[in-house]
Amino acid sequence: MLVGALEVDSTPEKGHIPMSAGNGWIRVGTLADVPPGESRAVKISEGRSVALFNVDGRIHATDNQCPHMGFPLTRGVVKDGVLTCDWHGRSFDLEGGGCFNYECDDLETFPVDIRGDELWVQAGDATYRRRDQHLQLLWEGLLSGDSWTISKATALLLSGGVSEHDIVQLVLRHLGRHVASEQDAGGGGNIVSLLVSGLEVGRRYDGEDRLMALSLAGRAASGRASERLEVITLPPPVRWEQIDGWVRMFSRNMQDFRIERCLHTARENGQESHIFKLLFECAVAPYFLGFARNVA
């Protein structure tokens, strides 16, 4: 288990300055810079840094900013292949980057190549390629009514060059379902009024003020829509042995939403025959004995 990661100044020391070798590969240091059980943050460009983790002698590289609220992940904890942010507890598969929580984007992970004693990471460029993921994040925020998720998704989409028209179209689709399924005959008028007013105000401003108005408009249209959040499979590579260990760990902590994503991934990977045996073993674990509903 990796706990209390090593904190390193974001400005690399002399001799550790990232060097590019083309094809997106960047030299980020040496093996000696990341001792077993520790981690290190390395700045690779303005406003962008990677986190290096040495877990059981293997080096992993991820974006150092938690996709939830940007907290440095080098301050997190790694256990059983799961990286947990030290601020709000969002958990990620350290290898593939899949997040076990709703209302949080998956973590970007990078290939690592060890050349002699040098560490090279293929971080790629900063071209925006996450339009679909951030639209999904906005949809989740609209369903839950979480203001932070709505604001964050809207900001990410706008900064990525997604048009305001596309964002509003998604909000309107959600609003139609929300009003039709959760409001009475006259209950949607106030919501529509707030949405239209927010959009109208937003057109008069730029920058952060415009973002604030759009986010408030989205918050006004949010709410249940007679459907639940879609469960997404964890990004590969994910092996059954990992899923088995994660489900047992999450079961001990009664974290049902994390278990659900693991089991959904197993089913999509054709491992459905293993699921029932695992669930029964979890249900009759010593710390659950006496709770009959576990096997109901």
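Quick note on this note's numbering: the sequence shown kicks off at 1 and runs consecutively. Note that the Cβ used here is the ideal one computed from N, Cα and C, for glycine as well.
- If one requires a minimum length of 4 residues, the alpha helix (DSSP H) runs lying completely within the segment 173 to 232 are 189 to 202 and 207 to 220, in chain order.
- Excluding five sequence positions before and after residue 134, the CB atoms of its chain that fall closer than 6 Å to its own CB belong to 153, 156 and 157, given in chain order.
- Distance from the CA of residue 277 to the CA of residue 260, rounded to the nearest whole angstrom, comes to 15 Å.
- With a beta-carbon spacing of about 18 Å, residue 103 and residue 63 fall beyond the 8 Å limit used to define contacts.
- Membership of residue 248 in the alpha helix (DSSP H) is indicated by the continuous run 240 to 252.
- Taking a 10 Å sphere around the C-beta of residue 54, we find 16 or more other C-beta atoms and assign the residue as buried.
- With respect to the C-alpha of residue 256, the residue from 69, 100 and 39 having the closest C-alpha is 100.
- The Cβ-Cβ distance between residue 217 and residue 195 falls below 8 Å.
- When secondary structure is reduced to three states using DSSP, residue 115 falls in the strand class.
- Residue 171 and residue 35 have their C-alpha atoms roughly 47 Å apart.
- Ranked by Cα distance from residue 137, the options 207, 167 and 52 are led by 167.
- Taking 8 Å as the cut-off, the Cβ atoms of residue 106 and residue 98 count as close.
- Closest by C-alpha distance to residue 193, out of 179, 206, 124 and 205, is 179.
- Just measuring C-alpha positions, the residue of 45, 33 and 40 sitting nearest residue 26 is 45.
- The continuous alpha helix (DSSP H) containing residue 280 extends over residues 275 to 283.
- Counting along the chain, the unbroken alpha helix (DSSP H) around residue 257 starts and ends at 256 to 268.
- Distance from the Cα of residue 225 is smallest, within the candidate group 121, 175, 112 and 197, for 175.
- Residue 163 sits exposed, since fewer than 16 C-beta atoms from the chains shown fall within 10 Å of its C-beta.
- Residue 148 is classed as exposed because its beta carbon has fewer than 16 other beta carbons within 10 Å across all chains shown.
- Residue 144 sits away from residue 215, with the two beta carbons spaced by 8 Å or more.
- The C-beta distance from residue 130 to residue 160 rounds to 7 Å, short enough to meet the 8 Å contact threshold.
- Per DSSP, the unbroken beta strand (DSSP E) holding residue 27 starts and ends at 25 to 30.
- Ranked by Cα distance from residue 61, the first of 86, 88 and 31 is 31.
- Apart from the 5 residues on each side of it in sequence, residue 140 sits with its Cβ closer than 7 Å to the Cβ of 102, 103, 149 and 229 in its chain, given in chain order.
- Take residue 250, set aside five residues on each side of it, and the residues of its chain with a beta-carbon closer than 6 Å to its own are 258 and 259, in chain order.
- The residue among 231, 232 and 265 with its C-alpha nearest the C-alpha of residue 246 is 265.
- Classified as exposed, residue 273 has fewer than 16 neighbouring CB atoms from the shown chains inside 10 Å of its CB.
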